[in-house]
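Chains as they are written, first to last, in our numbering: chain B, 131 to 481; chain R, 131 to 481; chain W, 131 to 481. As structure tokens, the structure follows; a few thoughts come after it.
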Amino acid sequence: MTSPFPCTAADLAKLLGRTVAGDANAVITGVNSIELAQDGDVTFLGSDTFAQHLPTTGATCVIVREKDAQSVRSAAWIVSPNPYADIVTILRAVSPLYEHEPGHRDPRAVIDDSAFVAETASIGPGCVITAGCEIGENTQLLANVVLYPRTRIGRDCTVNANTTCYQDTLIGDRCIIHAGAVIGSDGFGYVEQDDKHFEKIPHVGSVCIGNDVEIGANVTIDRAAMGQTVIEDGVKIDNLVQLAHGVRVGENSAIAAQVAIAGGTVVGRRNRIAGQAGIVGHVVTTDDVVVYAQSGVAKSITAPGAYFGSPAKEHAQALRMEMALRQLPELLHQIRTMAAELEALKKEHQQ
Amino acid sequence: MTSPFPCTAADLAKLLGRTVAGDANAVITGVNSIELAQDGDVTFLGSDTFAQHLPTTGATCVIVREKDAQSVRSAAWIVSPNPYADIVTILRAVSPLYEHEPGHRDPRAVIDDSAFVAETASIGPGCVITAGCEIGENTQLLANVVLYPRTRIGRDCTVNANTTCYQDTLIGDRCIIHAGAVIGSDGFGYVEQDDKHFEKIPHVGSVCIGNDVEIGANVTIDRAAMGQTVIEDGVKIDNLVQLAHGVRVGENSAIAAQVAIAGGTVVGRRNRIAGQAGIVGHVVTTDDVVVYAQSGVAKSITAPGAYFGSPAKEHAQALRMEMALRQLPELLHQIRTMAAELEALKKEHQQ
Amino acid sequence: MTSPFPCTAADLAKLLGRTVAGDANAVITGVNSIELAQDGDVTFLGSDTFAQHLPTTGATCVIVREKDAQSVRSAAWIVSPNPYADIVTILRAVSPLYEHEPGHRDPRAVIDDSAFVAETASIGPGCVITAGCEIGENTQLLANVVLYPRTRIGRDCTVNANTTCYQDTLIGDRCIIHAGAVIGSDGFGYVEQDDKHFEKIPHVGSVCIGNDVEIGANVTIDRAAMGQTVIEDGVKIDNLVQLAHGVRVGENSAIAAQVAIAGGTVVGRRNRIAGQAGIVGHVVTTDDVVVYAQSGVAKSITAPGAYFGSPAKEHAQALRMEMALRQLPELLHQIRTMAAELEALKKEHQQ
Numbered sequence: 131m132t133s134p135f136p137c138t139a140a141d142l143a144k145l146l147g148r149t150v151a152g153d154a155n156a157v158i159t160g161v162n163s164i165e166l167a168q169d170g171d172v173t174f175l176g177s178d179t180f181a182q183h184l185p186t187t188g189a190t191c192v193i194v195r196e197k198d199a200q201s202v203r204s205a206a207w208i209v210s211p212n213p214y215a216d217i218v219t220i221l222r223a224v225s226p227l228y229e230h231e232p233g234h235r236d237p238r239a240v241i242d243d244s245a246f247v248a249e250t251a252s253i254g255p256g257c258v259i260t261a262g263c264e265i266g267e268n269t270q271l272l273a274n275v276v277l278y279p280r281t282r283i284g285r286d287c288t289v290n291a292n293t294t295c296y297q298d299t300l301i302g303d304r305c306i307i308h309a310g311a312v313i314g315s316d317g318f319g320y321v322e323q324d325d326k327h328f329e330k331i332p333h334v335g336s337v338c339i340g341n342d343v344e345i346g347a348n349v350t351i352d353r354a355a356m357g358q359t360v361i362e363d364g365v366k367i368d369n370l371v372q373l374a375h376g377v378r379v380g381e382n383s384a385i386a387a388q389v390a391i392a393g394g395t396v397v398g399r400r401n402r403i404a405g406q407a408g409i410v411g412h413v414v415t416t417d418d419v420v421v422y423a424q425s426g427v428a429k430s431i432t433a434p435g436a437y438f439g440s441p442a443k444e445h446a447q448a449l450r451m452e453m454a455l456r457q458l459p460e461l462l463h464q465i466r467t468m469a470a471e472l473e474a475l476k477k478e479h480q481q
Numbered sequence: 131m132t133s134p135f136p137c138t139a140a141d142l143a144k145l146l147g148r149t150v151a152g153d154a155n156a157v158i159t160g161v162n163s164i165e166l167a168q169d170g171d172v173t174f175l176g177s178d179t180f181a182q183h184l185p186t187t188g189a190t191c192v193i194v195r196e197k198d199a200q201s202v203r204s205a206a207w208i209v210s211p212n213p214y215a216d217i218v219t220i221l222r223a224v225s226p227l228y229e230h231e232p233g234h235r236d237p238r239a240v241i242d243d244s245a246f247v248a249e250t251a252s253i254g255p256g257c258v259i260t261a262g263c264e265i266g267e268n269t270q271l272l273a274n275v276v277l278y279p280r281t282r283i284g285r286d287c288t289v290n291a292n293t294t295c296y297q298d299t300l301i302g303d304r305c306i307i308h309a310g311a312v313i314g315s316d317g318f319g320y321v322e323q324d325d326k327h328f329e330k331i332p333h334v335g336s337v338c339i340g341n342d343v344e345i346g347a348n349v350t351i352d353r354a355a356m357g358q359t360v361i362e363d364g365v366k367i368d369n370l371v372q373l374a375h376g377v378r379v380g381e382n383s384a385i386a387a388q389v390a391i392a393g394g395t396v397v398g399r400r401n402r403i404a405g406q407a408g409i410v411g412h413v414v415t416t417d418d419v420v421v422y423a424q425s426g427v428a429k430s431i432t433a434p435g436a437y438f439g440s441p442a443k444e445h446a447q448a449l450r451m452e453m454a455l456r457q458l459p460e461l462l463h464q465i466r467t468m469a470a471e472l473e474a475l476k477k478e479h480q481q
Numbered sequence: 131m132t133s134p135f136p137c138t139a140a141d142l143a144k145l146l147g148r149t150v151a152g153d154a155n156a157v158i159t160g161v162n163s164i165e166l167a168q169d170g171d172v173t174f175l176g177s178d179t180f181a182q183h184l185p186t187t188g189a190t191c192v193i194v195r196e197k198d199a200q201s202v203r204s205a206a207w208i209v210s211p212n213p214y215a216d217i218v219t220i221l222r223a224v225s226p227l228y229e230h231e232p233g234h235r236d237p238r239a240v241i242d243d244s245a246f247v248a249e250t251a252s253i254g255p256g257c258v259i260t261a262g263c264e265i266g267e268n269t270q271l272l273a274n275v276v277l278y279p280r281t282r283i284g285r286d287c288t289v290n291a292n293t294t295c296y297q298d299t300l301i302g303d304r305c306i307i308h309a310g311a312v313i314g315s316d317g318f319g320y321v322e323q324d325d326k327h328f329e330k331i332p333h334v335g336s337v338c339i340g341n342d343v344e345i346g347a348n349v350t351i352d353r354a355a356m357g358q359t360v361i362e363d364g365v366k367i368d369n370l371v372q373l374a375h376g377v378r379v380g381e382n383s384a385i386a387a388q389v390a391i392a393g394g395t396v397v398g399r400r401n402r403i404a405g406q407a408g409i410v411g412h413v414v415t416t417d418d419v420v421v422y423a424q425s426g427v428a429k430s431i432t433a434p435g436a437y438f439g440s441p442a443k444e445h446a447q448a449l450r451m452e453m454a455l456r457q458l459p460e461l462l463h464q465i466r467t468m469a470a471e472l473e474a475l476k477k478e479h480q481q
């Protein structure tokens, strides 16, 4: 698809399957936010938050909800039940995704004879699909993706460039794996010998990822020593996250960038783990737990709620401690004064 | 190798080179842990920790130490001097590693004429072996591995997919490098100019990795500006670790996920650095140091022992501080009361 | 270029375009620092810091500033206006960079017909250059680099192996991108639904990187949901850093390893963000801010200066708090004593 710009407001309305009001022939050359839009731009107003900008925006065309149409002062406008979705449609026309034609088999890909690739799945250049792999319908492997033997990926997935899946990795449907992710590498498990050198524990488990999971760029998820590391349906994982061997993440949990979760830990459903937080191994967090950024969870969390600090405490307690700590230098001074006064009083008494 | 299942208990015993007791014809269809095993599973008991599960496990076949044989209630059992090693053998048969045939030269690999690849070394698809590289016997480069010029890798190593080694990287024998690791990138070194822009310091050193080292997925190890960044024998490095230019890590040290060690720092032997910890540049930790998770080591550590906190202190001191901090909000209240009482006493005295 | 060693001191001088003093025929076999250099080594003295080693160094040849020439006791010496630059020249001859010939088009690269690659740009093996990409003069794509459609890279850049740029990524001139970096992946943006599952927010923005930017190994920089994530001229980013969607980093700022900056945050010019620090989303740091290692910036910073702690405070305040905290366990003891004494005094009074 090529860029729709330059075009008229009427052309945009047609692209969206809607009708234009005002000057249908107004020329549109770009997209911008409502505060920054200038002559030639199309913009949108999707919520009340930015409504004050509607009368003053420099945009030539605005996509608005019906209730906002009367406040438009721009040359043209398009009424929509979902202005945000419509602006995304326009932007996707400007910046289409990198995708192969369904059924593409790039001549520079390597596909083992024993692998099964569904008819509509697409395999980009430099991909390596080894023995016993299975790729579902409409799934896209973009470029230089390496799948070790018996990796199975469901339908409607996108696997971005330079991703690696180790043997027996299982990925559900509608997943997005971002570039550079490594799924199924050996866990960090050794037996320390008497002379303090390490003997490696073989990792013969695997990684199992549910449906509708998104995995960020350069994420690492280790295979279990035995059994499975499990990411349940609907989990969203940000860039550079580390999930160790045998971790289980409950459905619809979200894990922000650079979080690390150590081996064997079970994260409940609907947890929200903020950036750079860590959770030690072999603990459990219950459902509906929020862990704040940079916190260190050192033991199991059995009550839903928010936790903060390293080691992590209930958020309210952590805040009280932080507030108290800020008063501590002054407190030291006060106590020294009190101690002197007390000493003086004692002396007086003894006289 | 194809999966051994379904098979009989006798077949498994044969695979292990052992003898079966009980029902030799019992059909085995899977593997599971002793608590979770069900009808058709083989399991194992390798230590006393889980011994209470032996009489009640649902497994059809159990691999046990001789001393536990009398307590087996399952249909079949196999006595072994090392039940754990035997179950790993079975699991490896179920989930074999991704390996090429010794001596494999994939037609989609690029191998420079001036590179030396030992006869039994294997080079997978998409690998790029540039001028002057050397690869030792039985070493496996799996897929899309890029070695910049003069990288030398010893024998019996495995280098996983999408790994990059910059020029002059030196790797010993029996090392495992996990996918996405970057070894030998330029260190973060600049000279700040008067106008505050940075001039890059050329990095002409290299990285030297000893024998029996394991390096996790997406790890980054920078080359020294001059001289070498050194990882000594037996060091184990978890995923997403950052080792800066000129770092040296002493033998048999273990560094957990997302640790960062800044430039020029020397880590002693047998150190244990837990996840997300950081060590500043140009300091030294002595041998046998343990750094707890998320700690920040801000100066050299000269005594063996455990350290915690940011900045890191002796673990016992850090614990005392943490315990005291938890009492601080209440303490503030108490001190306010004491101050009021003291004031009252003073007033009485003055009367 | 092959190694210059072994050679004479005169050969080295010729390589540098300078003249040799002392024994022009002294044989040089290696390079080392002034403290460690031994017989056969060339070394350098570039500043006063190491001047005390000049009379005692074991080096056979020393490169020195004119003012230091009289203190040389080695067999040969070379006077230079910039000894450091000269030793780098020698080291570069020993350890040349991985580069392709200008204009190289590797037969194992994939270059879309609609892409523009400047005549002197070089495309290494396994690179994937998709539709509408543009690569400027003298830029090097080393190996297995994947550029999604419409990526534009300026002139004199180096893009190292296994790097991925998503669609519409824009990179200026003289940039260095290290191996495994992922630029332009989708931001971590979802709308939580009533049933707590997440709907993905389409990310139709892009990443724009200025001139003279260096990006470390395995760094991740997300595209904006709309608009741009912006890295201004002269910014230096260390390994494993995470920059979220819509972040802007001001010119000549430096961001050390494993830093994470959350979505929409604007970092000022000439900021210095130390390792493992984090900055929350949608805040601003003014120009000339220093954030210490492992700090967590939880709100906007409006005054230049140094900040430390999680949450981050002015550095001096954070230090006072840390000092006070160290005294806290003892303080608890003191207060208990004071409380007892106070109680005793009160009782006496009541009598």
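Cβ atoms here follow ideal geometry from the backbone N, Cα and C, with glycine treated the same way.
For N274 of chain R, the chain W residues whose C-beta falls within less than 8 Å of its own C-beta are G256, N274, N292, listed in chain order.
Taking the beta carbon of H327 of chain W as reference, the chain B residues within 7 Å of it are G364, N382, listed in sequence order.
Contact residues of the region 431-463 of chain B toward chain W are S440, E452, L455, R456, L458, P459, L461, L462 (C-beta to C-beta distance below 8 Å).
In the structure shown, the three-state DSSP call for A143 of chain B is helix. Taking 8 Å as the threshold, the shortest C-beta distance from P185 of chain W to chain B does not fall below it.
Taking every protein chain shown into account, the CB of K197 of chain B has fewer than 16 other CB atoms within 10 angstroms, so this residue is exposed.
Flagged as an interface residue toward chain B: Q406 of chain R, by a C-beta distance shorter than 8 Å. Between the alpha carbons of E322 of chain R and H333 of chain R lies a gap of roughly 16 Å. If you draw a 10 Å sphere on the C-beta of G435 of chain W, you find fewer than 16 other C-beta atoms in it, and that means exposed. Counting the other Cβ atoms within 10 Å of the Cβ of N274 of chain B gives 16 or more, which makes it buried. Looking at R:N268, R:P279, R:G176, the one whose alpha-carbon comes closest to that of A261 of chain R is R:P279. Secondary structure at V218 of chain W: helix, using DSSP grouped into helix, strand and coil. Counting along the chain, E329 of chain W sits inside no alpha helix (DSSP H); it lies in the beta strand (DSSP E) bounded by residues 328-330.
Cβ proximity to chain W below 7 Å picks out nothing from the region 146-158 of chain B. M468 of chain W belongs to the set of residues whose beta carbon lies under 8 Å from a beta carbon in chain R.
The alpha carbon of A355 of chain W has as its nearest neighbour, out of W:G394, W:D368, W:S383, the alpha carbon of W:G394. Within its own chain, the residues whose Cβ lies closer than 6 Å to the Cβ of D286 of chain R, once the five positions on either side in sequence are excluded, are N268, D303, R304, listed in chain order. Your pair A181 of chain B and T173 of chain B does not check out as a contact, with CB atoms roughly 13 Å apart and the cut at 8 Å.
Per DSSP, reduced to three states, the secondary structure at Q358 of chain R is strand. As for any beta strand (DSSP E) of minimum length 3 sitting wholly inside the region 242-327 of chain R, the runs are 312-315, 320-322, ordered along the chain. Contact residues of the region 240-251 of chain R toward chain W are V240 (C-beta to C-beta distance below 8 Å).
A residue is called buried when at least 16 other Cβ atoms come within 10 angstroms of its Cβ; Q200 of chain B does not meet this threshold and is exposed. Counting only the Cα atoms, T281 of chain W lies some 10 Å from F246 of chain W. Inclusion of N290 of chain W and T359 of chain R in the CB contact set at 8 Å is not warranted, their separation being larger than that value. According to DSSP, residue pairing for D342 of chain R in a beta bridge does not occur. Excluding residues up to 5 positions away in sequence, G188, T190 lie with their Cβ nearer than 7 Å to the Cβ of D169 of chain R in the same chain. Look at I465 of chain R: its C-beta is under 8 Å from a C-beta on chain W. Going by beta carbons, A407 of chain R and S430 of chain R fall outside the 8 Å limit. Interface criterion met: the Cβ of R400 of chain R is under 8 Å from a Cβ in chain B. By the C-beta density criterion, R466 of chain W is exposed, having fewer than 16 other C-beta atoms within 10 angstroms. Taking one beta carbon from each stretch, the region 363-377 of chain R and the region 344-354 of chain R have 3 or more pairs nearer than 8 Å; the two touch. Around D236 of chain W, no beta-carbon contact reaches into chain B at under 8 Å, the shortest distance being about 12 Å.
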